[in-house]
Structure formats: structure tokens, C-alpha cells
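**Student:**
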Amino acid sequence: MKTKRVLLLSLAALLLITGLMISCKKKAAELGTEENPIVWAFVPSGEMERVAAGAQSVADMLHDKTGLFFSTNVATEYAGVIEAMASDPPEAHMASLATFAYILAADRGIAEAALVSVRYGTPTYNGQLIAGVDSGISKVADLKGRTFARVDPLSASGWIIPMLTMRAAGVNPDTDLKELVDAGSHDAVVAAVYNGDVDAGACYVDARTRIEKDYPDVMEKVVVFEVTIDIPNDGVQFITGMDPELRDKIVKALLDIAATDEGVAALKTAYQWTALEEHDDTFYDIFRQVLQASGLSIEELNK
Numbered sequence: 003m004k005t006k007r008v009l010l011l012s013l014a015a016l017l018l019i020t021g022l023m024i025s026c027k028k029k030a031a032e033l034g035t036e037e038n039p040i041v042w043a044f045v046p047s048g049e050m051e052r053v054a055a056g057a058q059s060v061a062d063m064l065h066d067k068t069g070l071f072f073s074t075n076v077a078t079e080y081a082g083v084i085e086a087m088a089s090d091p092p093e094a095h096m097a098s099l100a101t102f103a104y105i106l107a108a109d110r111g112i113a114e115a116a117l118v119s120v121r122y123g124t125p126t127y128n129g130q131l132i133a134g135v136d137s138g139i140s141k142v143a144d145l146k147g148r149t150f151a152r153v154d155p156l157s158a159s160g161w162i163i164p165m166l167t168m169r170a171a172g173v174n175p176d177t178d179l180k181e182l183v184d185a186g187s188h189d190a191v192v193a194a195v196y197n198g199d200v201d202a203g204a205c206y207v208d209a210r211t212r213i214e215k216d217y218p219d220v221m222e223k224v225v226v227f228e229v230t231i232d233i234p235n236d237g238v239q240f241i242t243g244m245d246p247e248l249r250d251k252i253v254k255a256l257l258d259i260a261a262t263d264e265g266v267a268a269l270k271t272a273y274q275w276t277a278l279e280e281h282d283d284t285f286y287d288i289f290r291q292v293l294q295a296s297g298l299s300i301e302e303l304n305k
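With the first letter of the sequence shown counted as 1, position 249 gets the number 251 in this note's numbering; the numbers rise by one all the way through.
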């Protein structure tokens, strides 16, 4: 009889714990509420404060249009955003990854493309290799034995494509560069070249204009000696498994925002976006072919 009573008490305790667990799960706030906001992670394309200000302005407009709550953050490196999307539970639900970083995330099955940005009327852009006007560098082969600044190891225009361009010109970045510096943003690459901290660097066309206010003669002191192939623009991606209804609501709102003067102003502040277009993962297939043609694996490119 005593044994039966112990078993009944144990069963009751188990049911109570299970009930509490279910109750807690039921009480978990839905994604997009003030208690559980949708986290939108941005990469450090330019000056952190400027990107953060533009991102928050867009998030505020999204809230006004959808009633959803958003939390924005600017990561210190591209890889951090990918890991935030890959974590369980996700620490970021949507992101604005650069091209190569998106491909890495997509190949890992953690991100899906939704929107691609437009700059200067096109959803593609180019990278450029720059040098100090008095550096003596006029072609890619001149980079041997020189110091070089890149944006980030995962930046398409700030490293991946320029690195492949070097290799095609007979310059091995691993052995031929005197020093390789991670500047952290396109603005910082230009500033490093301008200040003579490095001989040359890579950024998007034309990141020099982003620091022209502080350095009025930057266009004369920092020269472009190589322009890369077309690269798909950055945009907006979501974690795989995102509720389709929620995703569609956000995408529609962003397209509406990008059609307003106020929205374009905020998008320009963050990333110099002037419009947004809907594109899925296939938009990046041509870029994938370029990477495959290099003969280097994703692991080798991701150094």
C-alpha cells in the first residue's frame, strides 16, 4: 500500500512538472512582439554609427507599417552575423549579409535570400583596388611586397573578388603581400590608404566618397588602379524556417518603405541603398560560378 502511494505521488509530481513546462511554453512570447522582437543583424559596411542610425530608422518604419517589434544591431564582423543566424534558438532572424557571406550562410542551410538592394539603378556592383597616389602602384602585379587593407575576410568586394583578381595576375596574397590588414569597413580601408597606413586596399566602387567630407582631397590622394567584375548587391535575408506569413509581411513592408522618400533616405544612410528588388537564391548562381572557376574551395576562400 505504501509503495502504491509513493508511485501515485511520483506520478502526480511528474504530471505537475509536465504541466508547468507546457504552461511555460504556452506563455513564450510570439516572435515580433515587444517581449520577443525580430532581430535584424547588419554587417559593418561603413561607419558603425551611421549604419546603426539608418538601420534603426528603417526598423522604426517597419514597426509603424506592420505593428511588429524589431531589434537591430551592427556586428563587428561578417562571421558573427552568420553564427547569430545559425544559433539555436536564433540570435538573429533576418540579416543584411554581403554577397559571399550570404553564400556561406545559404550553403550551410541557415539563410534564404528575399530582397536584393539597388544602387545607382542596378542590383549589382563592382569592387575596386585602390592605392596611394605616390605609392608607385598602377597595376595588380605591383602589389607584391606591399601592405594591403581588406574590409573583412568574407567581404566580396573588400576581399574575395580582389583576392581572386590578384591570383589571376600572378600575385599570391598568402605569400606575396608584405602585410594584410583587416580594416573592418569600406570607409576604414579608404582611410587607411589615405593616411598611408597601408600601400593599397580593396573596397566597393566608390567608397572614397564616404569619407570625402572629412578628407576633401581623397579622390586625388587615393587612386583606383583596378575595377572588378560585377558582384550581386547585398540585401535582406531570413533564417530558414522563418514563418512564411511573417516573412512575406516584412518583405512587403520593406518594399513599400523603399518606395518612399523617407524610406530611401534611411536606406541610403545605412548602406547607400536606393531601392529593393525581390530575388531568391538563384540570383547568386552566377557569382557562385565565378567562385567555382577559381579552383579554390569555399573553405580556402573563407580564410
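For glycine and all other residues, C-beta sits at the position ideal for the given N, C-alpha and C.
Flag this pair as touching only if the segment 206-215 and the segment 72-89 have three or more C-beta atom pairs under 8 Å; answer yes or no.
**Tutor:** No contact exists between the segment 206-215 and the segment 72-89.
**Student:** Going by beta carbon distance, what residues of the same chain come within less than 7 Å of Val229, once the five residues before and after it are set aside?
**Tutor:** Within the sequence shown, the letter at position 227 stands for residue 229. The residues are Asn128, Gln130, Val207.
**Student:** Near Pro39, what residues of its chain come up, given a Cβ to Cβ distance below 7 Å and the 5 sequence neighbours on each side ignored?
**Tutor:** As a working mapping, residue 39 is identified with position 37 in the sequence shown. Hits under 7 Å: Phe71, Phe72, Ser73.
**Student:** Which same chain residues, not among the five before or five after Gly172, have their C-beta less than 7 Å away from its C-beta?
**Tutor:** By 1-based counting over the sequence shown, the position of residue 172 is 170. Ala143, listed in sequence order.
**Student:** Using the Cβ count rule (16 or more neighbours within 10 Å means buried), how would you classify Asn174?
**Tutor:** Taking the first residue of the sequence shown as 1, we reach residue 174 at position 172. Per the 10 Å Cβ criterion, exposed.
**Student:** Could you work out which residue in Thr35, Ser59, Ser140 is closest to Val266 when comparing CA atoms only?
**Tutor:** Residue 266 sits at position 264 when you count from the first residue of the sequence shown. If we check each option's Cα against that of Val266, Ser59 comes out closest.
**Student:** Got a sec? Which residues, its chain only, sit under 8 Å from Arg290 by beta carbon, not counting five neighbours each side?
**Tutor:** Reading the sequence shown from its first residue, position 288 is the one you call residue 290. Excluding sequence neighbours, Arg290 sits near Ile105.
**Student:** Can you check whether the CB of Ala103 is closer than 9 Å to the CB of Ser84?
**Tutor:** One-based indexing of the sequence shown puts residue 84 at position 82. One-based indexing of the sequence shown puts residue 103 at position 101. A small correction: the amino acid at residue 84 is Ile; Ser does not occupy that position in the sequence shown. For Ile84 and Ala103, yes; Cβs fall inside 9 Å.
**Student:** Buried or exposed for Arg110, please, with buried defined as at least 16 other CB atoms from any protein chain shown within 10 angstroms of its CB.
**Tutor:** Translated into the one-based positions of the sequence shown, residue 110 becomes position 108. The residue in question, Arg110, is exposed, as its Cβ has fewer than 16 Cβ neighbours within 10 Å.
**Student:** Run through the DSSP bridge pairs and tell me what Gln239 is partnered with.
**Tutor:** Start at 1 with the first residue of the sequence shown, and residue 239 comes out as number 237. Note: Gln239 sits in a beta bridge opposite Ala97, Ala115.
**Student:** Flag this pair as yes or no: are the beta carbons of Gly138 and Val225 separated by less than 9 Å?
**Tutor:** The sequence position of residue 138 within the sequence shown is 136, counting from 1. The sequence position of residue 225 within the sequence shown is 223, counting from 1. Going by C-beta atoms, Gly138 is not nearer than 9 Å to Val225.
**Student:** Kindly indicate which residue of Asp154, Ser159, Gly203 has the alpha-carbon position closest to the one of Ser140.
**Tutor:** Indexing the sequence shown from 1 puts residue 140 at position 138. Closest option to Ser140, Cα to Cα, is Gly203.
**Student:** Which residues in the same chain as Ala277 place their Cβ atom closer than 6 Å to its Cβ, once the five residues preceding and following it in sequence are excluded?
**Tutor:** For the purposes of this step, residue 277 is taken as residue 275 along the sequence shown, with counting starting at 1. Contacts found: Val120, Ala260.
**Student:** Hey, out of His188, Asp258, Pro234, whose CA is closest to Met2's CA?
**Tutor:** Shown here, the chain extends from 3 to 305; a query on residue 2 therefore has no answer.
**Student:** If you draw a straight line from the alpha carbon of Asp287 to that of Tyr273, how long is it in whole angstroms?
**Tutor:** One-based indexing of the sequence shown puts residue 287 at position 285. One-based indexing of the sequence shown puts residue 273 at position 271. Those two C-alpha atoms are separated by around 23 Å.
**Student:** Please report the straight-line C-alpha distance between Asp176 and Lys251, rounded to a whole angstrom.
**Tutor:** Here residue 176 corresponds to residue number 174 of the sequence shown, with the count starting at 1. Here residue 251 corresponds to residue number 249 of the sequence shown, with the count starting at 1. Spanning the two alpha carbons is a distance of roughly 45 Å.
**Student:** Go to Gln294, then tell me how far its beta strand (DSSP E) extends in each direction, as first and last residue.
**Tutor:** The count along the sequence shown starts at 1 and reaches residue 294 at position 292. Gln294 -> not in any beta strand (DSSP E); alpha helix (DSSP H) instead, spanning 287-295.
**Student:** Rounding to the nearest angstrom, what Cα-Cα distance links Ala116 and Thr126 in this structure?
**Tutor:** Locating residue 116 in the sequence shown gives position 114, where the first residue counts as 1. Locating residue 126 in the sequence shown gives position 124, where the first residue counts as 1. Roughly 15 Å separates the two Cα atoms.
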